[in-house]
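Notes to accompany the following structure.
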Amino acid sequence: MKILSVSTATNHLSVALNNDEEIIVEKNEQDERNHSEHLDPMIDEILKANNLKLKDIDRFAVAIGPGSYTGLRIGITTVKMFASILNKEVVGISTLQALAESVKDENTLIVAGLDARNDNYFAGGYVNKNNMPENVIPDGHYHIDVLLNAVKDYLAENDIKKVIFVGSGLEKQDDLIKEADFDYSYGTDDQNVLHSGLIGKLAVSAEPVDPDKLLPRYLRRTQAEVDWHKKTGKPFEPDSNYVEEV
Numbered sequence: 001m002k003i004l005s006v007s008t009a010t011n012h013l014s015v016a017l018n019n020d021e022e023i024i025v026e027k028n029e030q031d032e033r034n035h036s037e038h039l040d041p042m043i044d045e046i047l048k049a050n051n052l053k054l055k056d057i058d059r060f061a062v063a064i065g066p067g068s069y070t071g072l073r074i075g076i077t078t079v080k081m082f083a084s085i086l087n088k089e090v091v092g093i094s095t096l097q098a099l100a101e102s103v104k105d106e107n108t109l110i111v112a113g114l115d116a117r118n119d120n121y122f123a124g125g126y127v128n129k130n131n132m133p134e135n136v137i138p139d140g141h142y143h144i145d146v147l148l149n150a151v152k153d154y155l156a157e158n159d160i161k162k163v164i165f166v167g168s169g170l171e172k173q174d175d176l177i178k179e180a181d182f183d184y185s186y187g188t189d190d191q192n193v194l195h196s197g198l199i200g201k202l203a204v205s206a207e208p209v210d211p212d213k214l215l216p217r218y219l220r221r222t223q224a225e226v227d228w229h230k231k232t233g234k235p236f237e238p239d240s241n242y243v244e245e246v
């Protein structure tokens with residue numbers, strides 16, 4: 001099964017072609033903010049280099065969040081369009097699960113996190129089971145104190161002693177992490193960025209969805225949603241309803 005996977009969730013743009021779990025090619029662009037300009041040419045380059053057309057792809061995969069609000073919509077809209085027009089399968093993969101996939105250590109709690117500023121993180125905890133990162137601390141929006149308490153609670157209730165932090169911004173909390181008093185380390189530079197090839201690997205066993213139902217998982221309300229709620233007095237609704245209202 002040929003899988004084209006995309007991540008525009010962070011400032012790291014990544015596109016990959018997989019044959020099932022085998023990563024055929026992955027292209028990455030670091031520290032750029034213009035994913036909307038570079039995504040399509042990167043996809044085209046990968047397809048041409050492998051003598052493929054979009055119609056030859058069996059399944060599309062994309063990081064659905066958490067991450068940059070604008071970035072997520074770029075990637076998700078792109079794969080939704082491809083899947084819908086070509087009548088192909090599409091799957092959404094948690095950004096945090098894809099980060100955790102970069103760590104294959106056993107008997108280890110993998111804490112994947114993205115800096116959400118002001119000591120807050122989009123984060124989740126994972127452990128490798130059957131060669132797959134299983135979510136054991138739910139993906140969410142956590143203050144660092146709450147996140148570390150969740151980590152300590154998990155370690156206390158399970159026979160796991162080691163923690164690896166992957167993602168962005170967690171190293172600056174090193175003093176607090178030391179105070180938490182558990183064995184920990186940080187991911188390598190390569191592990192700390194989001195790789196679309198790993199999204200493609202996770203996509204092999206993921207359940208395809210209707211392209212129209214593929215939505216971002218922000219894990220936190222956007223400021224536009226908050227302002228809309230204050231202005232209208234209406235309750236928060238699913239993302240698709242909110243977009244229609246605006």
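Mind the numbering: the sequence shown is residues 1 to 246 in full-length UniProt numbering, read in order. Backbone N, C-alpha and C fix where the C-beta goes; we use that ideal spot for every residue, glycine too. Bear in mind the structure is a predicted one, so any value in this text is a computation, not a measurement.
- For arginine 73 and proline 216, the gap between their C-alpha atoms comes out near 7 Å.
- Taking each of Ile3, Gly92, Asp145 in turn and checking the Cα distance to aspartate 58, the smallest one comes out for Ile3.
- For tyrosine 126, the enclosing beta strand (DSSP E) begins and ends at 120-129.
- Contact annotation: the stretch 10-29 touches the stretch 190-203, with at least three C-beta pairs closer than 8 Å.
- The three-state reading of DSSP puts arginine 73 in helix, counting H, G and I together.
- Secondary structure remark: continuous alpha helix (DSSP H) runs of at least 4 residues inside the UniProt domain "Gcp-like" (32-176), in chain order: 35-49, 69-86, 95-100, 144-157.
- Counting C-beta pairs closer than 8 Å gives three or more between the stretch 103-121 and the stretch 164-171, which meets the contact rule.
- Sorting Ser102, Ile76, Leu99 by C-alpha distance to the C-alpha of valine 90 places Ile76 at the top.
- DSSP, read as helix, strand or coil, puts serine 205 in coil.
- DSSP places alanine 180 within a helical segment (H, G or I) once states are collapsed to three.
- Here leucine 198 carries a helix assignment [DSSP, helix/strand/coil].
- Contact annotation: threonine 108 and isoleucine 177 have beta-carbon atoms that are not nearer than 9 Å.
- For lysine 2, the enclosing beta strand (DSSP E) begins and ends at 2-7.
- Taking one beta carbon from each stretch, the stretch 90-99 and the stretch 188-196 have 3 or more pairs nearer than 8 Å; the two touch.
- Excluding the 5 residues flanking it on each side, tyrosine 184 has same chain C-beta neighbours closer than 8 Å at Lys162, Val163, Ile164, Phe165, Ile177, in chain order.
- Residue burial is scored here from C-beta neighbours: histidine 35 has at least 16 other C-beta atoms within 10 angstroms and is therefore classed as buried.
- Scanning Tyr121, Asn131, Asn87, Ala123 for the CA closest to the CA of aspartate 105 turns up Asn131.
- Considering only Ala9, Glu21, Ile144, Ile137, the residue with the shortest C-alpha distance to tyrosine 154 is Ile137.
- As far as DSSP is concerned, glutamate 21 takes part in no beta bridge.
- The Cβ-Cβ distance between isoleucine 43 and isoleucine 64 does not fall below 9 Å.
- Shortest Cα-Cα distance from methionine 1 to any of Glu157, Asn28, Ile23 involves Ile23.
- For the set Lys27, Thr95, Lys53, the Cα lying nearest the Cα of phenylalanine 82 is the one of Lys53.
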